Structures are given as structure tokens and as C-alpha cells.
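In the working numbering, the protein residues as written are 10 to 242.
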């Protein structure tokens, strides 16, 4: 990342890392969850740590919930936004001292603004819920709206505009698309595959979906993703 490309969140994080309170909080989390004092040095070690606390048949194990809760508690103690962007940054710092970027960040999740619910067509129109955190500036919000306008713009109108075909099993489709959008590392970790196994992305996605008890194929997940992307007003 070039210096000019750093967000205000990245700049703030680099300043906080130097603080004693920040380092003590990170040290406490590492001690609680069997993480080396300076974090792991490679993806293999991080993957092994996750595998001991994860179960592909469940959305989130108890061990993972406890870890995530501690990360959120740390954010509150540091007076930082309890949002996806900050959670990912702190988890990466706890597990690797920030040397390795291994968590996939969904679109429209930024340090001080994030989309909570994407546009949902209703008889009254289409609405998007944004979460705006303390510390946001007008410049942050304008930049966010500019970058993600196509995602959050209204997608449904009454009257002469064509209505969007209603999806069946929307919740299942949402989960299928979310799994299809996982990073390669996260997807392979969840599917239990590696570089030596000849398996397509769609088959990996299908393996994860079956582990969750969802009767939808990887090809179907891909189709839903691209059908939504190409949906027009």
C-alpha cells in the first residue's frame, strides 16, 4: 500500500500501536488464546490456530465467539469503532502483528462508515442502512458514498418502473453468496482443501454449504451472485 493510499483508519491504527495501553491489551488477548507473544509468522500457523477453534458445520463455535468478544471489548477499551474493518485489523494484529493480511474484508466496510443492510426492495421503496461511527468526517462520508453508490442506490420503484423478480430462499442465497465471496485462504480453510488438491472454487463452496446443511450447489451460488450483480432498476 502506498503512503497516499492509507485511510484515516490505517493512520490512526499506526499511532495507536505505539501506545502502552494498546500493546498491553494485545498481550492480554494473546495470552488468553495461546498466541505467541509476537504473533504467528506464517499462514500455516494461523490456519492451524483457526482449525482448533473452528467447525465448518457451524457458523461460529463457542471458542471463536469468546475470541471475537474479546476483540470487541478491546475496541471499546481503546475508544475505537466496533465495526468489521477494525475487528479485522485487530485480529490480524493479534495473530500476526499486522505482518500478514489474511482476512477478507467485505465491500462497503470502512473505518468510520459501513453498510449494515444492503438495499431491500419493499412496497414503500428501497432502503440502505449505513452505520456512521464517532470520528467520521463529512469528507469520509462523501468519499464512501461516491465509492459505493452503485451498491447502495435505490433498486426498486413503483409505477412505470419494472419490478425486480422476487428471490426464493433469500436467506440461503445470502449465505451462499457470502461463502462464494470468501477469500481463497478463508474458503480453503473452511473447505479443508489445499493447493495440492484439484478442486474448483465452486466445488469448494459446495463442500462448505453442505457442511452447513444447505442444499445449494456451488454453481448455483455463483449464478445468484452474478444475477444480483447484473440486476437493473
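Glycine residues also receive a C-beta, built at the ideal position from the N, C-alpha and C atoms.
Keep in mind that this is a model prediction, so the values were computed, not measured.
Residue 104 to residue 96 span [Cα, whole Å]: Cα atoms of residue 104 and residue 96: separation of roughly 12 Å, rounded to the nearest angstrom.
Cross-strand partners of residue 118 (DSSP beta bridge): Listed as beta-bridge partners of residue 118 by DSSP are 123.
Under 8 Å between C-beta atoms of residue 160 and residue 117: When the beta-carbon positions are compared, residue 160 and residue 117 come within less than 8 Å of each other.
Assigned secondary structure, residue 223 (DSSP; H/G/I helix, E/B strand, else coil): Three-state DSSP puts residue 223 in coil, outside helix and strand.
Range covered by the alpha helix (DSSP H) that runs through residue 55: According to the DSSP assignment, residue 55 belongs to the alpha helix (DSSP H) that extends over 52 to 60.
Residues sharing a beta bridge with residue 156, DSSP: Paired residue(s): none; residue 156 is not in a bridge.
Nearest-angstrom Cβ-Cβ length linking residue 215 and residue 201, presumed shorter than 8 Å: Taking the Cβ atoms as the reference, residue 215 lies roughly 13 Å from residue 201, outside the contact range of under 8 Å.
Residue 190 versus residue 99 - alpha carbon distance: Taking the straight line from one Cα to the other gives about 22 Å.
Terminal residues of the alpha helix (DSSP H) in which residue 195 lies: First-last of the alpha helix (DSSP H) with residue 195: 193 to 200.
Paired residues, beta bridge with residue 139 - DSSP: 124.
Neighbour-count burial assignment, residue 34, 16 or more Cβ in a 10 Å radius: Counting every other CB atom within 10 Å of its CB across the protein chains shown gives residue 34 a total of 16 or more, marking it as buried.
Near the ligand ADP: residue 229 beta-carbon under 7 Å from a heavy atom: Absent from the structure shown: the ligand ADP. Ligands present: none.
Proximity to residue 83 [Cα-Cα], best of 184, 70, 69 and 102: For residue 83, the nearest C-alpha among the options comes from 102.
Inter-stretch contact (C-beta, 8 Å, three-pair minimum) for the stretch 20 to 37 and the stretch 84 to 93: In short, these stretches touch, since the Cβ pair count reaches three.
Secondary structure of residue 43, DSSP reduced to three states: Three-state DSSP puts residue 43 in coil, outside helix and strand.
Backbone CA spacing between residue 148 and residue 77 [nearest angstrom]: Looking at the two C-alpha atoms, the distance is approximately 30 Å.
Residue 41 and residue 194 closer than 8 Å at C-beta: Against a cut-off of 8 Å, the Cβ pair of residue 194 and residue 41 comes out as no contact.
Residue 213, buried or exposed, once every other Cβ within 10 Å from all chains shown has been counted against 16: Residue environment for residue 213: buried (at least 16 other C-beta atoms within 10 angstroms of its C-beta).
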